[in-house]
Each structure stands twice: as structure tokens, then as C-alpha cells.
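Structure first, then comments.
Number of protein chains: 2
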Amino acid sequence: MAHGRTNFSSHEFPMASGVSPFSYRTNSGYQRRVVRATKQLMHAVVMEKLEVENGSIFQITDMGCSIGPNTFISVKNIVESVELKFQSINTHKKHIQVLFNDHAYNDFNTLFASLPSDKSYYAHAAIGSFYDRVFPDKSIHIVNCSYGLHFLSRVPNNVENRKSLAWNKGKVYYSHSKKEVISEYSKQYKKDMECFLKCRAQEVVPGGLVFITVPARPNKTPHSKVIYNMLAEILGSCFLHLVKQLRNLLGDIEEEEVDTFNIPVYITSPIEVEEAIKRNGSFSIEKIEILSKETSPINGLTAKDASVHIRAITEGLIEEKFGTKILDKLFQLHEQKLEDAYLDLISGEAISLFIALKRKPN
Amino acid sequence: MAHGRTNFSSHEFPMASGVSPFSYRTNSGYQRRVVRATKQLMHAVVMEKLEVENGSIFQITDMGCSIGPNTFISVKNIVESVELKFQSINTHKKHIQVLFNDHAYNDFNTLFASLPSDKSYYAHAAIGSFYDRVFPDKSIHIVNCSYGLHFLSRVPNNVENRKSLAWNKGKVYYSHSKKEVISEYSKQYKKDMECFLKCRAQEVVPGGLVFITVPARPNKTPHSKVIYNMLAEILGSCFLHLVKQLRNLLGDIEEEEVDTFNIPVYITSPIEVEEAIKRNGSFSIEKIEILSKETSPINGLTAKDASVHIRAITEGLIEEKFGTKILDKLFQLHEQKLEDAYLDLISGEAISLFIALKRKPN
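Going line by line, the protein sequences match chains D and A. One rule links them: number in the numbering used here = place in the first sequence (from 1) + 1. One rule links them: number in the numbering used here = place in the second sequence (from 1) + 1.
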């Protein structure tokens, strides 16, 4: 065991791999818009806030990197800013190492095969959940985590426990469920953020930076009015529809299987993120910014686009539980239901949140 | 481009992947015997020769790691020795990082999926050819390269050039060819070792160690009398056989395709390795040892075993040039020819060479 690991086992959440027509790689344009929107913000923080220490090696990690190309764009933005920072303070030459981090079951072969040939850094991969320790103490200078922290480490136990008040019967997601379910998801999010920040506090050098970009809901907006959640809720209703209407066709999917399937995603709010950072206490908040409407998840997308996008993110999880044969039928229905609900969706809320943290001196 | 890279492009040489019945993973028992034989040797060198510097991070790389499980055994042996060394000198706690290195097209997903759960180190992957720079200056404490350095970075140009004296007509390997071919392979080996040692000299900290284990031939033994080479030569004769006898069956394999296919492997000798290290000048030789007969590549193997073993190593290369459909036919013939030649093979020579180097102070 690596030093300082926490004890729970993280849920693996692989994006659809490189060979699928619904691969995350070719269906992550929305995340790319978000990456672009954060470029200037990250640049300003690096120039103004990064404290460069002695030593010839500078380590950057992109946590939850998935399989590109977004990770390469994020990393390029950060590396360029860091190089300008070095020039501006006439520091001696540093070697930049970039550690691409994700779960062991991420499609690293696809990632490596598409590494940019003109990169100015040494490329490594670091295996493990970002809710756990991945790096030695004080070894990392900049952490980036873009669109990763809405994935929980696991579905909260009680949500899948028939005897619990928080049993999420007939649902696969929390946002439109009873308050006990929402509360369990919220508690799990708090625990996970505590692990993330505690582990990063150990790994990041004093003066080093952590960038977080995450889908979010405006403070006080109920979970059920958030576009991301409405998209997932519709997916959940498709499961129930399939079970009830098409049981003869599919045969082996029982209602109970849907009851014990839940998507481990939670949409946070600015206030929840700030509270988590303050509870942890190791980081100062250098910037917290709500990204513009251009990053809305359904901006300019057809129902079909939106459905394919959701498929790219959830396919692995669904396949693990129900096998592959359900996928086409499910997402056909999902697309159709999205079309019906499109006006509702547009009236929903969605923001992306950019946060820049700096590791305080010990 | 990373700093200090050399300019040529290395030939990718992937082992058969995790899903193949001929996968390297399930057919690398011979290499495992070699790994076991080196355990005590590495342990002694670590305890007696490793110079531990200040700093809390200790980095080990296994170069040309392939996809396990041998790499995990090697790494475990080294990590255990390093931990004992730390205890013996009462050094303060160090975090051990292990960087598994191989080409981008190595099956890293299989590697990561089988990482030992009880490991005491942080596991990373570092992408790139070991004939090139992979790590920042003075960042690595121990390099291990087990059964990797007999793979050349490329087939020498002239060997595939119809107008050259070294044109390797009718052959796919160098050992039983004319002296001009052998000379080109030997020159390429010298160049490659120069690159390997030059890059490692930049990356390894002063007092750090490099372990090399490599199949070899006794000094003065001709290339044609070495078992590894005899196995490859028989494979080459099978290609020719297929072209000549079975052209109707296979259709599209022409003699010229065989003429322009060559296996980029060279079997070195103790004296050649020593010369390369002395020419480089950055390392002292702490140990150079010929491993016992137990590591002979055909010891205890049937012809079928030996053929499957050769297939696991060469399948990727052959497939790249000729496609998959030739493989079964080729190795059926190979097994049969190995059986016929078994008495000859046993009379051949084969050693494994273990070398421990220490980076001199600058």
C-alpha cells in the first residue's frame, strides 16, 4: 500500500473507449468548450500566484484525464503559462513532467497513441483514483481536474439498500428523488471532496496550484431544475420504460435491477465547493468564477447530440450492469424523450465553475 | 520535443497483447526464470553500491517493461532491496515511485489492470523508447532493463537496400547471413547502445544504478552457433518455404516482401557490452556476470513451447508486415522445423548476461 491511502475502494468509471462510435474521444466537444473557456483564467493565476521553488523538475498532473484530446489542450495551456512564468522571472531551466492520471481501466493506450508529437514536456501516466493518494508528498506543482469531480467515488450505500429510508426505488439518479436520497448523495459528495482535498494537500508543494473545473448548479437552484440532472433523470425514466413496456423483448431486465443501479454523479454548487475548501483548510481560494452561458451543456446541440453525449459518459457504467444489448434500445428512447422534453430542458439551469486554489505554506 | 532527444525514430516492437492466446503475458516463462536468477545479484549491488542522496522521493524505472507479470517481479525485487538499504543506513522515510516504461503502443491497459494490489510504491508509466530521452536530467535512482536491449531501434538501412552489399536477400535475420549483413547489425547495435547509455547517463543521479539483463553469446562464439539466433534463422527459413511452396495457397506474399522484412534483434557478447560502457565513460561496471545454464532458452522446453515463445515475441512485427493470416501457417511449420532441428539446437550456445552499472560523479 502506498503511504497515506484512504481505505475505501473507488468506483471505476471508464469513459467509452477509443473504438466505440460513441467513444468519449469523439463525443467530448462540450467538455472542450469548457477547457477553452478556462485557458485565460488559468494563465492569469499561474502568472500572478504560482510560487516557483528551487529544483530542476516541475510536475503537472491532469487528474481524471480520460483519453484525450481535451487533456492535451488543458495541459498545453498550463505548460505554456508555466513557461511564460519561468521566462518572466528568469528562473533557471526546468524540466516539465506531465503526469496523466486516471483509473487503471481508462483507455491509456488510446491516450498514449495520440500524445502530441510537438510536446515540450516528459509524458507519464499515473494510475489511481483522485479520491486517493496518487503521488508522493510535496511532489506536484500544478494539479488540473477538469470535469472530473462530479463523478462520486461510489453510489452511497443506503441508496441501494431496500431497508433504508434512502432506498432509491424506481430511479437511477438522485436529482428527482425524495430528500433522503438527495441527502445521501450530498453526504457522499462531502466525503469525496474531503478525500480529494486532503490527498492533494499532501501531494502539492507549498505555493503550488490546484485548478478545478466542474459542472455545477447556481446556489439555491434545486437539483431537479439543473439541466445536467434533467438529462440524467430522463435517462432513468427510459430504464423504467424499458422494464415495464418491453419486458418481453429484453427478457432479463427486472425492475429490481434498475432499483439497484444508480449513477454516481452529483452536481455541486459554488457554496458547497467553498465550504469544502474551507473545511479542509490547506488551500487559499485564489479565484472562483462562474463560466459564461457558452458552456451550457445543451447550447447548440440537437436532442440527438445531447443523447450521444450522455451515452459517451454513461455507456461503460450501464454496460457493466446490464450488458451491451440494452444500449441501442435505451438511447433510441432517450433521444426521443429528450426531443419531447426540449423546451423544459432549455428552461433549466446549468453553470460551470472554475476554481483556482493555492497550497498554503505548512 | 523533450530536451536532449536524439533524432531518429525508433521502431516500435510491441509484444503480443493481453488478449491473444500467444500473448507475451502468458508466454514469458523463460524471461521470468531470468528475472529470478538476477534477484540476488541486484540485491547485493543495491546494498553495497547504491549511494542514497538527500530528498524524499526515490525513482525506479523498468525500461521496456512490456505488459507483466515479469516487470512486477523485477520491480518488487528492486523495491525490497531498496527498502532494506534504507533501513540499514537509517535514512529518513522516502517515497518510492516506479515508472514503467515502454513504447506508446505497448499494451499499458493490460499492465495497469494487473498492477499488484499490495505494492508499496506509487505506480506511473513513462512513454517512449529507451534509445531516447524519457526522463528529466538526474531524476532516476535505479534503471532496470531486463531482456530489452537485444531489440534494436531499427533494422539497419542497408540490409533492406537492394543496391547495398549488405542486402539481406532471402533472409529475415542476420545471424546466418553474409559478413556485410552481420557487420551492419553490429554497427546498429553499437549506435543503439551509445544512445541508451548517453540518455541514461543524463537521467540517472550520480551514485544511481543501472541493471541490464540481456540474452548474449559467449565471446568468440559465431552468431550462427547461438541458440537464440538458430531459432530465428529457422523462422526465416519458414518464410522462404511458405513463399516458394505455398504461393498458390497464400497468394499475395512475394519473395521481395520477405527480402524487405528483417527482425531487428542482435545478440551481443560480454566483450561488446563492456566496450560500449567504456566508450560511453559515464558509468563504472560494478558487476558483470554470466547467468547459469538454467536460463538457457530451450532448457526443458518442447519444440512446441519454443515455437509459441518465439511467436509471442515476433507476432506483432510479422503481423505489421504480412497481416494475420500468415501466422498460424508460419508457426505450424516453425514448430515442425524446430522438432527436426532439436539436436542441433541443443548443441548451440546461449547465455544471459547481467550487468550492474553505477553512475559516476559528474
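Where a beta carbon is used, it is the ideal one built from N, C-alpha and C, also for glycine. Owing to the predicted nature of the structure, the values given are computational and were not obtained by experimental measurement.
Between the CA atoms of residue j and residue i - distance to the nearest angstrom
i       : j       : result
M231(A) : I311(A) : 11 Å
S57(A)  : S121(A) : 15 Å
Y175(D) : S165(D) : 15 Å
F113(A) : I90(D)  : 39 Å
L116(D) : D103(A) : 14 Å
L150(A) : N162(A) : 25 Å
L100(A) : Q60(A)  : 7 Å
K192(A) : K94(D)  : 29 Å
L339(D) : E204(A) : 55 Å
A38(A)  : P70(D)  : 43 Å
Y267(A) : Y186(A) : 7 Å
L346(A) : K221(A) : 18 Å
T303(A) : H335(D) : 57 Å
N159(D) : N78(A)  : 43 Å
V47(A)  : C66(A)  : 20 Å
V144(D) : V227(A) : 52 Å
A313(A) : H142(D) : 41 Å
Q88(D)  : K50(D)  : 15 Å
F131(D) : R280(D) : 19 Å
P219(D) : S270(D) : 6 Å
Y148(A) : F284(A) : 20 Å
K179(A) : V156(A) : 16 Å
R360(A) : C200(D) : 34 Å
T27(A)  : K305(A) : Per-residue confidence for T27(A) stands at a pLDDT of 45, beneath the threshold of 50, marking its modelled position as unreliable; no derived number is given.
V135(D) : V83(A)  : 21 Å
G208(A) : V76(A)  : 19 Å
E258(A) : E258(D) : 56 Å
N- and C-terminal bounds of the beta strand (DSSP E) containing residue i
i       : result
F284(D) : 284-292
Beta-carbon neighbours of residue i, restricted to chain D and to distances below 9 Å
i       : result
P362(A) : Those do not exist, as P362(A) stays about 17 Å from chain D at its closest Cβ, beyond 9 Å.
Bridge partners - residue i, DSSP secondary structure assignment
i       : result
T92(A)  : The partner list for T92(A) (beta bridge, DSSP) is empty, contrary to what the question assumes.
Q371(A) : In the structure as shown, chain A begins at 2 and stops at 363. Residue 371(A) is therefore absent and cannot be evaluated.
P216(A) : S353(A)
S147(A) : T214(A)
R360(A) : F284(A)
F152(A) : V266(A)
V227(D) : E350(D)
D138(A) : For D138(A), which the question treats as bridged, DSSP gives no partner whatsoever.
D103(D) : I128(D)
Cross-chain neighbours of residue i in chain A, by beta carbon under 8 Å
i      : result
V99(D) : Residues of chain A passing the Cβ test: none, with the nearest at roughly 11 Å.
Residue i: first and last residue of the uninterrupted alpha helix (DSSP H) it sits in
i       : result
S308(A) : 304-323
Y123(D) : Not the alpha helix (DSSP H): Y123(D) falls in the beta strand (DSSP E), residues 123-128.
V182(D) : 180-204
I278(D) : 271-281
H335(A) : 328-341
V259(D) : 256-260
F1(D)   : In this structure chain D extends from 2 to 363, so residue 1(D) is not present and cannot be described.
L112(A) : 109-114
Under 7 Å by beta carbon: chain D residues contacting residue i
i       : result
A202(A) : Under the 7 Å cutoff, chain D gives no residues; its nearest Cβ is about 16 Å from A202(A).
Under 7 Å by beta carbon: chain A residues contacting residue i
i       : result
V53(D)  : In chain order: nothing, as chain A lies at least about 16 Å away.
F113(D) : A105, F109, I128
Chain D contact residues for residue i, given Cβ-Cβ distances below 8 Å
i       : result
L116(A) : A105, I128
- Message: Taking beta-carbon pairs under 9 Å, can you tell me which members of the segment 124-139 of chain A lie near chain D?
- Response: Going along the segment 124-139 of chain A in chain order, one finds A124, H125, A126, A127, I128, G129, R134, V135, F136, P137, D138, K139 with a Cβ nearer than 9 Å to chain D.
- Item | Members of the segment 43-75 of chain A that neighbour chain D once the beta carbon cut-off is set at 7 Å | Cβ contacts with chain D: S57, I58.
- Task: May I ask you to list, following chain order, the residues of the segment 330-362 of chain A that have a beta carbon less than 8 Å from some beta carbon of chain D?
- Result: Listed in sequence order: no entries.
- Item | Within 7 Å of chain A by C-beta, residues of the segment 78-98 of chain D in sequence order | If you check each beta-carbon in the segment 78-98 of chain D against every beta-carbon of chain A, the ones closer than 7 Å belong to H96, Q98.
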